[in-house]
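In structure tokens form, the structure reads like this:
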């Protein structure tokens, strides 16, 4: 079997390939931000006129908040009450598992085919 | 035993007779330690504390230790494979020889994006620190952007000029930043007569229960993310078979100590609700210690840690991009070495605007998550890689510079911990996870069906290894 000879890519073609890769990368990373899908579902539940006691803070904690520049309970209330929402549906979990496993299965399968060609050309057919 | 001796001083990663490309072989084990720890140490200065926000203080400690186990597996596996694959590109080059071209292309992109996002996160923190210090000295509302741009441009210039100066610079400022953590710990926990640490009063129960511990694994990775970058310098190390395992394993031990000390000091000085959202937690801890000297020291430490990390990231991302260009996985234009400075200068310059786009336009926790996700995808590849490596080239066929013990237990453990971390990321950041993997699926199809036609087949296999078993 003759060795594979790749075509020569023009300068223009090389530039197009880099642009495609960049658009895909920046698009994929920024898309969740643009669609407001990014980040945690962290929410604060601040009551009216919060006090250090109602926020569950003891004397040492209050002292530390004050040192950090939060003089009043109301200033720190949003930080103290912020919580993540870890509720999720089984369906979304299954989708994630399928996406992750499917991704690795895809690249391992394609890689194996490409690798076989590399070894055959490097060491010769058995 | 095969006569293929990868540890030979006369034979390097590109084959008998030396490399064709000519990156300068000037680095020693200390530089490798400095590169690995330098990239990662910033994780103790910022970012790890988001694990406290996701699960509480105790959850962050458990995440720190579980992530430590994960990275110990990474370091062991990586050390064995790297001690035989001494070429620029690190895990990318490993994947190319062991798994296949498409996997290698993906691994190369994981490396580039993990390091470029980490570089962006460092620049954001650098700007935030400058802003914080300006605010404390009465200069409110400072524009952080010029400082972010300046930091990235300066470090890129340093990288452009030569690897020895770059990594010596990293080594020195990393040593200062690491010493600052040790001094903070000793001062607050040992030497201060009336210790400011208040663990008994500040520690609370797990706010999210056991689920919070799983969730905290997401940012637990940040304590160590990037240590695997040591093998990017494989082609520039004088003795890769000795220096790479030594530098990497010494680095992970350094980081385990620094991470535990950092957690101990920070949770004893501030409420977990604040710590979980703080931008520069160690600097805040120094402020709360009441010592102006410590505050200045940790301010300098934070600045040095961010610069050392960004510096190492530029080094590593550019090597991975360069290696892919050299193999024509990317346009070959990127595979050039500077004739005078012997650095992959085109790759260094090309990645600057990408880092700037994210440093100037995305929130810190998002940028960190992007970096963690790319790193996590890379760690999931590693157990597959080492299992295939041992199967295709058993121990009696290739002489390793280092053989990791208890195979395949570290690989299986690493795979399980990666699974847990995927679930942790899914809790709260699932949309990014799906978006990023969708990106990798699309570019994989693009590579397999389009780009790969420009790649020579046999030329990709550059190691002086025998034929793999089973082929």
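Chains as they are written, first to last, in the working numbering: chain Y, 1 to 126; chain E, 1001 to 1471. For glycine and all other residues, C-beta sits at the position ideal for the given N, C-alpha and C.
Shortest alpha-carbon distance to residue i belongs to which of the options?
i              : options                           : result
residue 89/Y   : 16/Y, 55/Y and 97/Y               : 97/Y
residue 70/Y   : 1339/E, 1436/E, 1273/E and 1445/E : 1273/E
residue 1422/E : 1411/E, 1380/E and 1200/E         : 1380/E
residue 1051/E : 1321/E, 1277/E and 1119/E         : 1277/E
residue 1212/E : 1187/E, 1053/E and 1302/E         : 1053/E
residue 91/Y   : 1430/E, 1457/E and 1133/E         : 1430/E
residue 1472/E : 1293/E, 1283/E and 1290/E         : The structure shown does not extend to residue 1472/E, since chain E spans only 1001 to 1471, so no value can be given for it.
residue 1033/E : 1048/E, 1057/E, 1075/E and 1055/E : 1075/E
residue 1227/E : 1057/E, 1313/E and 1351/E         : 1313/E
residue 1396/E : 1328/E, 1466/E and 1179/E         : 1466/E
residue 1298/E : 1376/E, 1187/E and 1359/E         : 1187/E
residue 1310/E : 1166/E, 1327/E, 1439/E and 1391/E : 1166/E
residue 1317/E : 1453/E, 1077/E, 1233/E and 1149/E : 1233/E
residue 7/Y    : 1451/E, 1352/E and 1134/E         : 1451/E
residue 76/Y   : 93/Y, 125/Y and 53/Y              : 53/Y
residue 33/Y   : 1168/E, 1393/E, 1363/E and 1458/E : 1363/E
residue 1281/E : 1301/E, 1293/E and 1292/E         : 1301/E
residue 1355/E : 1201/E, 1471/E and 1120/E         : 1120/E
residue 1352/E : 1169/E, 1158/E, 1199/E and 1077/E : 1158/E
residue 114/Y  : 1264/E, 1095/E and 1127/E         : 1095/E
Are the CB atoms of residue j and residue i within a distance shorter than 8 angstroms?
i              : j              : result
residue 1069/E : residue 1417/E : yes
residue 1251/E : residue 1037/E : yes
residue 118/Y  : residue 1461/E : yes
residue 1244/E : residue 1082/E : yes
residue 1063/E : residue 1206/E : no
residue 1222/E : residue 1368/E : yes
residue 1387/E : residue 1410/E : no
residue 1378/E : residue 1164/E : no
residue 1346/E : residue 1025/E : no
residue 1255/E : residue 1420/E : no
residue 1308/E : residue 1041/E : yes
residue 1434/E : residue 99/Y   : yes
residue 1160/E : residue 1348/E : yes
residue 1335/E : residue 1350/E : no
residue 1071/E : residue 1208/E : no
residue 16/Y   : residue 55/Y   : no
residue 1197/E : residue 67/Y   : no
residue 1279/E : residue 1137/E : no
residue 1108/E : residue 1324/E : yes
residue 1427/E : residue 1148/E : no
residue 1285/E : residue 1045/E : no
residue 1343/E : residue 1090/E : no
residue 1204/E : residue 1056/E : yes
residue 112/Y  : residue 1458/E : no
residue 14/Y   : residue 1464/E : no
Can you give me the start and stop residues for the alpha helix (DSSP H) that residue i sits inside?
i              : result
residue 1257/E : 1240 to 1267
residue 127/Y  : This structure cannot settle anything about residue 127/Y, because the visible part of chain Y is limited to 1 through 126.
residue 1218/E : 1210 to 1220
residue 84/Y   : First-last for residue 84/Y: undefined, no H or E at that position.
residue 1072/E : 1057 to 1082
residue 22/Y   : 11 to 34
residue 1031/E : 1029 to 1040
residue 1480/E : Lying outside 1001 to 1471, the shown extent of chain E, residue 1480/E is not represented and no answer is given.
residue 1182/E : 1163 to 1186
residue 1320/E : 1292 to 1326
residue 1382/E : 1364 to 1392
residue 1334/E : Taken as a continuous stretch (DSSP letters only), residue 1334/E belongs to no alpha helix (DSSP H), as it is neither H nor E.
residue 1432/E : 1409 to 1449
residue 1194/E : Residue 1194/E -> no alpha helix (DSSP H), and no H or E assigned at all.
residue 1132/E : 1101 to 1136
residue 1097/E : 1091 to 1098
residue 1346/E : 1345 to 1361
residue 1283/E : 1281 to 1289
residue 1048/E : No alpha helix (DSSP H) contains residue 1048/E, which DSSP labels as neither H nor E.
Could you check whether the Cβ of residue i sits closer than 8 angstroms to any Cβ belonging to chain B?
i            : result
residue 54/Y : Absence of chain B from the displayed structure is noted, the protein chains being Y and E.
Within 7 angstroms: the Cβ of residue i and any heavy atom of the ligand SAM?
i              : result
residue 1101/E : The ligand SAM is absent from the structure shown, which contains no ligands of any kind.
Counting pairs of Cβ atoms below 8 angstroms between the segment 1181 to 1192 of chain E and the segment 1020 to 1039 of chain E, do you hit three or more?
Segment contact: the segment 1181 to 1192 of chain E against the segment 1020 to 1039 of chain E, fewer than three CB-CB distances shorter than 8 angstroms; contact not assigned.
Given 8 angstroms, three or more beta-carbon pairs between the segment 1414 to 1431 of chain E and the segment 1440 to 1448 of chain E
With the cut-off at 8 angstroms, the segment 1414 to 1431 of chain E and the segment 1440 to 1448 of chain E do not touch.
Taking contact to mean 3 or more Cβ pairs, one atom from each stretch, closer than 8 angstroms, check whether the segment 1363 to 1381 of chain E and the segment 1211 to 1223 of chain E are in contact.
The answer is yes - the segment 1211 to 1223 of chain E touches the segment 1363 to 1381 of chain E, with three or more Cβ pairs under 8 angstroms.
For the segment 1107 to 1115 of chain E against the segment 1268 to 1285 of chain E, are there 3 or more C-beta pairs whose distance is under 8 angstroms?
The segment 1107 to 1115 of chain E, when compared against the segment 1268 to 1285 of chain E, does not touch it at the 8 angstroms Cβ threshold.
May I ask you to verify whether the segment 55 to 63 of chain Y touches the segment 98 to 113 of chain Y, counting CB pairs closer than 8 angstroms and requiring at least 3?
With a cut-off of 8 angstroms, the segment 98 to 113 of chain Y and the segment 55 to 63 of chain Y do not count as touching, because too few Cβ pairs lie within range.
Cβ contact (3+ pairs, closer than 8 angstroms) linking the segment 1394 to 1406 of chain E and the segment 1145 to 1153 of chain E:
With the cut-off at 8 angstroms, the segment 1394 to 1406 of chain E and the segment 1145 to 1153 of chain E do not touch.
Hey, which unbroken runs of the alpha helix (DSSP H) at 4 residues or more fall wholly within the segment 54 to 78 of chain Y?
Qualifying alpha helix (DSSP H) stretches, in chain order: 59 to 67.
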